[in-house]
Ligand code: RNT
Ligand code: ZN
């Protein structure tokens, strides 16, 4: 009797799609997985509450409180998901030895040595983010601050992070993507929209002139439309970030929670790819605002995946995840967001893009519509199961049982 997968393989082959190739491509595709789903974006360097207009809501028990706990939780994520991954750290996850402390502008590679050790043992690349929030110097504007001392503090932080990113690349042998996102903005209508943006550009210019190795550190710049308490104006708007990135030859980063609700990142990818050699994405799920809900296998995630694959430029696109839900089991949340993203990518890899594109060029929109809808009900589930089986994962929902066992044994003990 034919297996479910063999049956699916034939169904896809009849549509001009090679399932083996799709599984192989997905297995080799690297996702940059954020560390901050494990501890509600708290980090280890300050006791300051999460600031910067972002919020993790919910109080499900079992949040990681220490580096060891966060590492143990991420090990579960690694064990229960397939595909290649990088670990994406924030500067606020510095690990200090007993009694030691370094402020953000004085962070050094040694404060991340434990993470490097962790990554090397698991053959993971590392990505990085300066942290311009949850800090006393981030009460107002940061890199765009009119206060020269504060602005310089954050420029020094950015340079310190570039050094750490370089260290990550050298140690892991994999380039490090360093993403800059500042929360700077105003709650109410500003009198002057230009000056903060001019200062932000100046600060970035100053920091990026420090002489980092561009073959090892890829700097990305993430834009945003608004944040909580910063509803009227953000310094790092889409136009600012795209133009800055284009003129300074760094990468723009689009987070799909950072646009007006009817603006779709899936529609923006092709435009940016035409003018940028590389592009970075934060895959998230905004629900009415930039809520960073766990990614689902939903229409926009699928459409983003389609654009990534159909572009033929997958290698030029950094796919990073960015969600933080504290209302459900955090390890399960981490895993489900990864699985949803991978499912969307698999679906895109199982789509005969050349055929569909040819129909569009021929202006045969009726057949295009028919084919797009017909493809949706092919047995992708069987191919997904095969991908998971080859990655050595428990069948079906078995990963969930393992997370629940981990919750009972480890997470429940954390109070
Ligand atoms: C915030 C941005 C940013 C953060 C992380 C923690 O709106 O999306 O990427 O989520 O840096
Ligand atoms: Zn983001």
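Residue numbers (our numbering): 4 to 418.
Even for Gly, the Cβ is constructed at its ideal location relative to N, Cα and C.
> How about residue 3: is its Cβ closer than 7 Å to a heavy atom in the ligand RNT?
Replying inline: This structure cannot settle anything about residue 3, because the visible part of the chain is limited to 4 through 418.
> Expressed to the nearest angstrom, what Euclidean distance is found between the alpha-carbon atoms of residue 103 and residue 352?
Replying inline: 48 Å
>> Tell me which residue opens and which closes the alpha helix (DSSP H) that residue 246 is part of.
In response: 241–251
> Should the segment 207–227 be called in touch with the segment 281–295, which here means at least 3 C-beta pairs below 8 Å?
Replying inline: yes
> How is the beta strand (DSSP E) around residue 131 delimited, first residue to last?
Replying inline: 128–132
>> What would DSSP say about residue 236, mapped onto helix, strand or coil?
In response: strand
>> Less than 8 Å between the C-beta atoms of residue 88 and residue 409, yes or no?
In response: no
> Going along the chain, which residues of its own chain have a beta-carbon closer than 6 Å to the beta-carbon of residue 59, five neighbours each way excluded?
Replying inline: 43, 44, 327, 329
> What do you get for residue 76, buried or exposed, if any count of 16 or more other CB atoms within 10 angstroms of its CB means buried?
Replying inline: buried
> Counting Cβ pairs, one atom from each stretch, are 3 or more of them under 8 Å apart for the segment 309–320 and the segment 366–380?
Replying inline: no
>> Closest to residue 93 by C-alpha separation, out of 82, 32, 114, would be which residue?
In response: 114
>> So, at 6 Å on beta carbons, what are the nonlocal neighbours of residue 186 in its own chain, with the 5 sequence-adjacent residues on each side left out?
In response: Excluding residues up to 5 positions away in sequence, 55, 56, 136, 230 lie with their Cβ nearer than 6 Å to the Cβ of residue 186 in the same chain.
>> Can you look up residue 309 in the DSSP assignment and give me helix, strand or coil?
In response: helix
> Taking 7 Å as the line, does the beta carbon of residue 160 fall inside it for any heavy atom of the ligand RNT?
Replying inline: no
> Is the distance from the Cβ of residue 51 to the Cβ of residue 133 below 8 Å?
Replying inline: No, they are not a contact pair.
>> I need the DSSP call for residue 98, collapsed to helix, strand or coil.
In response: coil
> In the segment 10–66, which residue ranges form an unbroken beta strand (DSSP E) of at least 3 residues, counting only runs that do not cross its ends?
Replying inline: 33–37
>> Distance check for residue 206 and residue 258, CA to CA, integer angstroms please.
In response: 22 Å
> Looking at the unbroken beta strand (DSSP E) that takes in residue 254, where does it start and where does it end?
Replying inline: 254–258
> Under a criterion of Cβ closer than 5 Å to any non-hydrogen atom of the ligand ZN, which residues qualify, in chain order?
Replying inline: Checking every Cβ against the heavy atoms of the ligand ZN under 5 Å gives 258, 285, 325.
>> Any beta carbon from chain B within less than 8 Å of residue 82's own beta carbon?
In response: Absence of chain B from the displayed structure is noted, only one protein chain being present.
> Tell me, which residues are paired with residue 189 by DSSP?
Replying inline: 236
> Taking Cβ to Cβ, would you say residue 298 is nearer than 8 Å to residue 269?
Replying inline: no
> If we ignore side chains and look at the alpha-carbon of each, how far apart do residue 350 and residue 22 end up?
Replying inline: About 10 Å.
>> Under 8 Å: do the segment 187–195 and the segment 150–157 share three or more Cβ pairs, one atom per stretch?
In response: no
> Over what stretch of residues does the alpha helix (DSSP H) that includes residue 269 continue unbroken?
Replying inline: 268–278
>> So residue 355 and residue 20 are supposed to be a Cβ contact under 8 Å. How far apart are they, rounded?
In response: 6 Å
> Cβ of residue 263 versus every heavy atom of the ligand RNT: is any distance shorter than 7 Å?
Replying inline: No, Cβ of residue 263 sits at least 7 Å from all heavy atoms of the ligand RNT.
> Residue ranges of each beta strand (DSSP E) run of no fewer than 3 residues wholly in the segment 163–237, ordered along the chain?
Replying inline: 179–183, 220–225
>> So for residue 331, helix, strand or coil by DSSP?
In response: coil
> How many whole angstroms separate the CB atoms of residue 65 and residue 337, which I take to be in contact at a CB cut-off of 8 Å?
Replying inline: Their Cβ separation, rounded to whole angstroms, is 12 Å, which puts residue 65 and residue 337 out of contact at 8 Å.
>> Tell me which residues share the same chain as residue 189 and place their Cβ nearer than 6 Å to its Cβ, disregarding the 5 neighbours each side in the sequence.
In response: 235, 236
> Where do the N-terminal and C-terminal ends of the beta strand (DSSP E) with residue 288 fall, by residue?
Replying inline: 288–290
> Taking the C-alpha atoms as reference points, what is the distance between residue 387 and residue 370?
Replying inline: Counting only the Cα atoms, residue 370 lies some 27 Å from residue 387.
>> Tell me whether residue 356, by its Cβ, gets closer than 7 Å to a heavy atom of the ligand RNT.
In response: The ligand RNT never approaches residue 356 closely enough for any of its heavy atoms to be under 7 Å from the residue's Cβ.
> Among the residues of its own chain, which have a CB less than 7 Å from the CB of residue 249, if the five just before and after it don't count?
Replying inline: 278, 279
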